Amino acid sequence: QAKIIKRQKKAIEQYTIQLDGLKEEMAMQDERDLDRDAEFQAQMDDFEKITEQKVAMQHSLQENIEEMMDLKQEQEASSQRIMELEFDLKQKNATLARVAKETSEKTERIVALEDELDE
């Protein structure tokens, strides 16, 4: 019986050593898990920041596109207005030239009539 008790004590010591080794291994695994969790959380934080930046950039891009479309419409309207003003100016210049010609002709006619009266 003493041999059995000795064998059992030795087996218990062996199991205790194995148990301590397993506990140490589990502790190291827990530490690695904590490190991985912290790294994962940091990556998730980075991902959220990047996602927020992406959304902000998309909004900014959309606003820029809308501003460009507004500017293009304004430019087209301005171009149309310039063409209208140029056409009006040509018409007024033509009218002015006609009035100047008529005035010149009338002045010449008046001078001619005055000359006839003087004779």
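Counting in the working numbering, the sequence shown runs from 210 upward without gaps. C-beta atoms are modelled at their ideal positions from N, C-alpha and C, and glycine is treated no differently. Because the structure is a prediction, the values reported are computed rather than measured.
Straight-line CA distance for R290 to M266?
As a first step, residue 290 is located in the sequence shown; it is residue number 81 there, counting from the start. As a first step, residue 266 is located in the sequence shown; it is residue number 57 there, counting from the start. Going by the C-alpha atoms only, they are around 35 angstroms apart.
Counting along the chain, where does the alpha helix (DSSP H) carrying E275 start and finish?
Taking the first residue of the sequence shown as position 1, residue 275 is located at position 66. Where E275 is concerned, the enclosing alpha helix (DSSP H) stretches over A211 to D327.
To the nearest angstrom, how far is it from the Cα of Q250 to the Cα of E261?
By one-based count along the sequence shown, residue 250 stands at place 41. By one-based count along the sequence shown, residue 261 stands at place 52. Distance between the alpha carbons of Q250 and E261 is about 16 angstroms.
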